[in-house]
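> Please see the structure below; I have some questions.
2 protein chains.
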Amino acid sequence: MAAKRGGARSNRSQRPGQPPRPAGEPPLSRQRIVATAVELLDAQGIDGLTMRRLADRLGSGVMSLYWHVDSKEDVFDLALDAVLEYRGSPQEPQSEDWRGEIVHILEDWRASMLSHSWSASLLPRRALGPNILSRLELLSKALSRAGVADADINAAIWSLWNYVMGATITRASFDLSDDDRAAAQQRLTHLSERYATIERSRLLLDDDWDGAFRKGLGFLLDGLAPG
Amino acid sequence: MAAKRGGARSNRSQRPGQPPRPAGEPPLSRQRIVATAVELLDAQGIDGLTMRRLADRLGSGVMSLYWHVDSKEDVFDLALDAVLEYRGSPQEPQSEDWRGEIVHILEDWRASMLSHSWSASLLPRRALGPNILSRLELLSKALSRAGVADADINAAIWSLWNYVMGATITRASFDLSDDDRAAAQQRLTHLSERYATIERSRLLLDDDWDGAFRKGLGFLLDGLAPG
DNA sequence: ACCTGAACACCGTTCAAGT
DNA sequence: ACCTGAACACCGTTCAAGT
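Printed below as a string of structure tokens:
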């Protein structure tokens, strides 16, 4: 068994086309681990991230990771927050267009998550890193400036958060399965007496995700700050 | 190694206080598997569901499950949809209060998911089972009756879906970690120049989840069908 | 301070076989 | 038609040890 294990490991570290890491390999660090985890997640999805594979990519032993990181769970948290760094100009033009500003903040948030589609499925499990908090802060300020009453601010923030997270998660999960969607709509047609209404409106085939996101956000903002 | 395995198995099937299943054990079935999976998920959470543990609870060998079920993924799908069965009276009183009706549908949806908190974290990965579709159908009909224009119906459905799913996922994940939330708010205070606004509004300590849900839903419905 | 390999206690699923 | 055990190819993490 030990021999078999050994064989498997050497297969892994001699991946075809991947020469052994040069001796000048930079030392392990929390940062390098997180960056590589994001790469791996982008390439292989959520189930593709394995402490063993991560270590391989970094050219180190598995257990070396645990010096810099508490657990796999920790890696997930760090990767999620890393991907949510806000890259907008810190000094916004302070326009009068508060509504455009809020829409921009939320569309950017959604876009950041959609460009790393695993991030949506990571959300339900985890905590609020500094980059998420920064975005919430930004949003809160914009809502204040827009004149939302103090008593309504938290509810407004959570409403928008809920909407964005729901939309992003939905979009990311449906994206994986265009065929599934077609098949589902097919099933609907087949059972059309049970699902007559959503069959007729072609709910599952509508694929203008960006448009639907904007439209729904519009409804919500109308409700939040009428006039 | 074979011996060790055997030992582990017999430990498992002789859990303390759990007599061996009587010979009259009902036969395995898809239904029984799903029901037991839900039990197990309720008791142990998402990481607690294991094909091996599931088989143990059912008094069968692991591989017997695979006759009735395609994969673990399949079990997740079935468990999620099982928990979303709609238990309302099929013949609603058809009230004039369309808004109350919609609120009821969505609060019931949220409540169903929150009473099986693992269901929220399952959402991002998966498909639309019959019970989910039924709820969408119900919602669609209510929106029609409320006078939402046909052209807006799909956007309205997805907006409400996004909101409910986002709210449920957020609530379920924050529920696990009251301490984390307090710690996070603590951190905020400590770095208060960066997060001044959300620190002041005590965003992370606000725990009237039900109230926030209803309030935000109100905003959204105001936007969806003003007047 | 930082990195390591061996070992432990698990996983999901394939396969060939049993009834 | 339905159920099974052995085996395969993995996991995350503990631990004692190395530099």
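First to last, the sequence lines map onto chains A and B.
Going left to right, the first sequence walks through residues 1 to 227 as UniProt numbering numbers them.
Going left to right, the second sequence walks through residues 1 to 227 as UniProt numbering numbers them.
From the three backbone atoms N, C-alpha and C, an ideal C-beta is built for every residue, glycine too.
In whole angstroms, what separates the C-alpha of residue 77 of chain A from that of residue 197 of chain A?
Between residue 77 of chain A and residue 197 of chain A, the C-alpha separation is close to 41 angstroms.
> Buried or exposed: which applies to residue 185 of chain B, given that a residue is buried once 16 or more other Cβ atoms fall within 10 Å of its Cβ?
That one is buried.
> Alpha carbon to alpha carbon, how far is residue 221 of chain A from residue 132 of chain A? Give it in angstroms, no decimals.
Their backbone Cα atoms lie some 21 angstroms apart in a straight line.
> So, with DSSP's three-state summary, where would you put residue 42 of chain B?
Helix at residue 42 of chain B.
> According to DSSP, simplified to helix, strand and coil, what is residue 84 of chain B?
Three-state DSSP puts residue 84 of chain B in coil, outside helix and strand.
> Using a cut-off of 8 angstroms between C-beta atoms, extract the partners of residue 198 of chain B located in chain A.
Per Cβ cutoff of 8 angstroms: 133, 136, 137, 140, 157.
> For residue 110 of chain A, I'd like the list of residues in its chain whose CB is within less than 7 angstroms of its CB, leaving aside the five on either flank, ordered along the chain.
Around residue 110 of chain A: 164, 167, 168, 213.
> Along chain A, in chain order, which residues have C-beta atoms closer than 7 angstroms to that of residue 165 of chain B?
Correct list: 166, 169, 170.
> Please check if any C-beta of chain B sits within less than 8 angstroms of the C-beta of residue 128 of chain A.
True, the Cβ-Cβ gap to chain B drops below 8 angstroms.
> Is the Cβ of residue 201 of chain B closer than 8 angstroms to any Cβ of chain A?
With 8 angstroms as the cut-off, residue 201 of chain B counts as an interface residue toward chain A.
> Using a cut-off of 8 angstroms between C-beta atoms, extract the partners of residue 53 of chain B located in chain A.
In chain order: nothing, as chain A lies at least about 20 angstroms away.
> What separation, rounded to the nearest whole angstrom, lies between the Cα atoms of residue 113 of chain B and residue 130 of chain A?
One C-alpha to the other measures close to 29 angstroms.
> Which chain B residues are close to residue 215 of chain A, counting only those with a beta carbon under 7 angstroms from its beta carbon?
Simply 155.
> If residue 51 of chain A and residue 62 of chain A are in contact, beta carbons under 8 angstroms, what's the gap, nearest whole angstrom?
Sure, about 5 angstroms apart at Cβ, within 8 angstroms.
> Spatial neighbours of residue 32 of chain A within its chain, please: CB distance less than 7 angstroms, with the 5 preceding and 5 following residues excluded, ordered by chain position.
So the list reads 26, 58, once near-sequence residues are dropped.
> Under a Cβ-count criterion, where at least 16 other Cβ atoms within 10 Å of its own Cβ denotes burial, should residue 194 of chain A be classed as buried or exposed?
Its Cβ having fewer than 16 others within 10 Å, residue 194 of chain A is exposed.
> Going by beta carbon distance, what residues of the same chain come within less than 8 angstroms of residue 152 of chain A, once the five residues before and after it are set aside?
Excluding positions up to five away in sequence, the list reads 224.
> Looking only at its own chain, which residues have a Cβ that is under 8 angstroms from the Cβ of residue 81 of chain A, when we skip the five neighbours before and after it?
Answer for residue 81 of chain A: 129, 130, 131, 132, listed in chain order.
> Please report whether the beta-carbon of residue 125 of chain B lies at a distance below 8 angstroms from any beta-carbon of chain A.
Answer yes: the Cβ-Cβ gap between residue 125 of chain B and chain A drops below 8 angstroms somewhere.
> Hey, residue 134 of chain A and residue 86 of chain A: beta-carbon distance below 8 angstroms or not?
Closer than 8 angstroms, so yes.
> Show which residues of chain A have a CB atom less than 8 angstroms away from the CB atom of residue 144 of chain B.
Within chain A, the residues near residue 144 of chain B are 197.
> In chain B, which residues lie less than 8 angstroms from residue 161 of chain A when you measure between Cβ atoms?
What residue 161 of chain A touches in chain B: 166, 170.
> Show which residues of chain A have a CB atom less than 8 angstroms away from the CB atom of residue 120 of chain B.
The contacting residues are 124.
> Could you work out which residue in B/217, B/199, B/171, B/143 is closest to residue 207 of chain B when comparing CA atoms only?
Closest option to residue 207 of chain B, Cα to Cα, is B/171.
> Let me know the secondary structure DSSP gives residue 68 of chain A once reduced to three states.
Residue 68 of chain A: helix per DSSP, three-state reduction.
> Residues of chain A with CB closer than 7 angstroms to the CB of residue 219 of chain B, please, in chain order.
Per Cβ cutoff of 7 angstroms: 159, 220, 223, 224.
> Would you verify that the beta carbon of residue 79 of chain A is, or is not, closer than 8 angstroms to some beta carbon of chain B?
Output row for residue 79 of chain A: interface = no.
> Just checking: is the beta-carbon of residue 82 of chain A within a distance shorter than 8 angstroms of some beta-carbon in chain B?
Output row for residue 82 of chain A: interface = no.
> My output table needs one value for residue 112 of chain A: the three-state DSSP class, helix, strand or coil.
The answer is helix: DSSP assigns residue 112 of chain A an H, G or I state.
> In chain A, what lies closer than 7 angstroms to residue 35 of chain B by C-beta?
The contacting residues do not exist; residue 35 of chain B stays about 23 angstroms from chain A at best.
> Going by the CB atoms, is the gap between residue 40 of chain B and residue 60 of chain B shorter than 8 angstroms?
It is not a contact, given that the beta carbons lie outside the stated cut-off.
> Could you give the distance in angstroms between the alpha-carbon of residue 219 of chain A and the alpha-carbon of residue 95 of chain B?
Roughly 25 angstroms separates the two Cα atoms.
> Note the first and the last residue of the continuous alpha helix (DSSP H) segment covering residue 216 of chain B.
First-last of the alpha helix (DSSP H) with residue 216 of chain B: 209-224.
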